[in-house]
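Notes follow once the structure below has been shown.
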Ligand SMILES: [Mg+2]
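In the working numbering, the protein residues as written are 66 to 249.
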């Protein structure tokens, strides 16, 4: 059996793995939660099953903790284990002085006591501000709003495999990660 990476892969939830909206879209929802129609990003089940064979994975969202727990229950394949399922209570409230508002930030050093150094943590998010202080660890993914033709998770899977054995993920330039996929 192929050996698992020593990396921890942290995935955002809203607009990264799912799209939840109070306004029903033209396509049928995957499930309902509270007042939300929830749409899974295409390839989500396969992505989670496949990538968890290579990485330790966790979910960290800035949405409220109960929402995160319940949504994760509905999207997690049975064979997938999650190291963390974290919500807003694990985020740090930061002030954006330019825009004069507040936002929730995911500070990856909080994962140290799970046995992972910053060099071993990859975070995937559609909102750069939420992992601002750890930009070297971040892969930014296109926002998902329910598009049935979206292939981002397929491409992300292939790209992540290239990071599986690197020593320090922070030393890898990740900004152009999708560039070779644009044509396909
Ligand atoms: Mg998001």
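Cβ atoms here follow ideal geometry from the backbone N, Cα and C, with glycine treated the same way. These numbers come from a predicted model, not from an experiment.
For residue j and residue i, the rounded distance between their alpha carbons
i           : j           : result
residue 71  : residue 88  : 41 Å
residue 235 : residue 203 : 8 Å
residue 226 : residue 119 : 8 Å
residue 111 : residue 237 : 26 Å
residue 232 : residue 99  : 42 Å
residue 106 : residue 160 : 31 Å
residue 197 : residue 132 : 23 Å
Buried/exposed call for residue i, threshold 16 Cβ in 10 Å
i           : result
residue 179 : exposed
residue 221 : buried
residue 123 : buried
residue 189 : buried
residue 81  : buried
Opening and closing residue of the beta strand (DSSP E) in which residue i lies
i           : result
residue 161 : 157 to 161
residue 170 : 166 to 170
residue 190 : 186 to 190
Closest Cα partner of residue i within the set the options
i           : options            : result
residue 184 : 131, 201, 119, 175 : 201
residue 244 : 231, 230, 207, 213 : 207
residue 146 : 164, 132, 121, 96  : 121
Where the alpha helix (DSSP H) through residue i begins and ends
i           : result
residue 111 : 109 to 116
residue 140 : 130 to 140
residue 219 : 217 to 226
Residue i beta carbon near ligand 3 (any heavy atom closer than 8 Å)
i           : result
residue 175 : As for ligand 3, it is missing from this structure, which binds only ligand 1.
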